[in-house]
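Below: the structure, in structure tokens.
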DNA sequence: ACTAAAATGAGAATAGTTATCAACTTTAGG
DNA sequence: CCTAAAGTTGATAACTATTCTCATTTTAGT
């Protein structure tokens, strides 16, 4: 993977983002500072960054993928009402991967763990 | 939800299926016995059955959704090589939802828990 | 600076799924 | 058992998210 200005911008934008944005959301943000950036470039780079373990692609949330600059082991929660995505600490299930591996005998390389329901704020 | 012959056929076909099929796979199977069934009818009914908790839609596996007639609490593993989907018992993380709920204070209505890696067979 | 490999932007193409709509079924009430 | 309202169907158009193509530009090593 060579250096590329666009990839740097994309990664920085994702890092500065508190939410877990979709490509569409990122594209809107990126275009403000870099009107010439192409959607294909964005997708290409998000995929490359994810393949290299620099970011994480989160599937299973909605019809579109979300992206996370936090690659530490943790889970996600999406509110069915406001669609906001929250982090859940991996502490709620220590050794989950290890145990799953022991039970199945499979080599587990990754996981997508997504909860959904109603967040505190929407519950009021 | 009224009775419909097509829905019954779709549900039965899913129940008889040991794998966790995609809509495409189900459609191919269904057409053999019911050549006139429409793809739209299949998707409509899978969504309705899932909304009513009769089946479960599994997202986060591949670009397309898979469907599961087993609605008991359990997780999934997809082999990155052969793309087969396996069940993992929820016993590997007892009270996972309860703990996540305690930690976050959110009302958790469901979860999608997907592991991926290499299955026993492909590991040989 | 020169070259090969990698990356870009623009837009076309693809895949999976949902929407539309006229015709047909199902259901509940009289 | 008839009817009207509500629900469902098949066919196909439309949509959305993402990937592909390709000519041009950028990067990295010599």
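Chains as they are written, first to last, in our numbering: chain Y, 80 to 203; chain L, 80 to 203. Even for Gly, the Cβ is constructed at its ideal location relative to N, Cα and C.
In angstroms with no decimal places, state the Cα-to-Cα distance between residue 194 of chain L and residue 137 of chain L. Roughly 12 Å separates the two Cα atoms.
Below 8 Å, can you find three or more Cβ-Cβ pairs linking the segment 89-98 of chain L to the segment 176-189 of chain Y? No, the segment 89-98 of chain L is not in contact with the segment 176-189 of chain Y.
If you draw a straight line from the C-alpha of residue 176 of chain L to the C-alpha of residue 187 of chain L, how long is it? Each residue's Cα considered, the two are about 7 Å apart.
Strand pairing of residue 166 of chain L, partner residues [DSSP]: Partner(s): L:155.
Hey, could you find the ends of the beta strand (DSSP E) residue 108 of chain L is sitting in? Counting along the chain, residue 108 of chain L falls outside any beta strand (DSSP E), though it belongs to the alpha helix (DSSP H) covering 102-112.
By the three-class DSSP mapping on this structure, what secondary structure does residue 89 of chain L have? DSSP, read as helix, strand or coil, puts residue 89 of chain L in helix.
Using beta-carbon positions only, say whether residue 169 of chain L and residue 152 of chain L come within less than 7 Å of one another. Yes, these two residues count as a Cβ contact at 7 Å.
Taking only beta-carbon positions, decide if residue 190 of chain L is within less than 7 Å of chain Y. Yes, residue 190 of chain L lies at the interface with chain Y (some Cβ there is under 7 Å from its Cβ).
Per DSSP, residue 135 of chain Y is paired with what? For residue 135 of chain Y, the beta-bridge partners assigned by DSSP are Y:147.
Is it the case that the segment 153-166 of chain Y contacts the segment 111-127 of chain Y, given that we only count it when at least three CB pairs across the two stretches are under 8 Å? Segments in contact, no.
Please report how far the alpha carbon of residue 107 of chain L lies from the alpha carbon of residue 144 of chain L, in whole angstroms. Each residue's Cα considered, the two are about 16 Å apart.
Beta-ladder partner(s) of residue 187 of chain L, from DSSP: Answer by DSSP bridge pairing, in chain order: Y:196.
Chain Y contact residues for residue 159 of chain L, given Cβ-Cβ distances below 8 Å: Close partners of residue 159 of chain L in chain Y (Cβ separation under 8 Å): 188.
Report the neighbours of residue 139 of chain L on chain Y: residues whose CB is nearer than 7 Å to its CB, in chain order. The answer, in chain order, is 138, 139, 191, 193.
Does DSSP put residue 141 of chain Y in a helix, a strand or coil? Correct three-state label for residue 141 of chain Y: coil.
So, for residue 109 of chain Y: in the same chain, excluding its five sequence neighbours on each side, which residues have a beta-carbon less than 6 Å away from its beta-carbon? Cβ within range, chain order: 92, 116.
Is it buried or exposed for residue 124 of chain Y, if we count other Cβ within 10 angstroms and need 16 for buried? Flag for residue 124 of chain Y reads buried.
Close-in-space but distant-in-sequence residues of the same chain around residue 203 of chain L (CB under 8 Å, 5 per side omitted): Nothing listed; no residue qualifies.
Around the C-beta of residue 135 of chain L, are 16 or more other C-beta atoms found within 10 angstroms, so that it is buried, or is it exposed? When all chains shown are included, residue 135 of chain L counts as buried.
Here's a check: name, in chain order, each residue in its chain whose Cβ is nearer than 6 Å to the Cβ of residue 156 of chain Y, leaving out the five neighbours to either side. Result list for residue 156 of chain Y: 165, 167, 194, in chain order.
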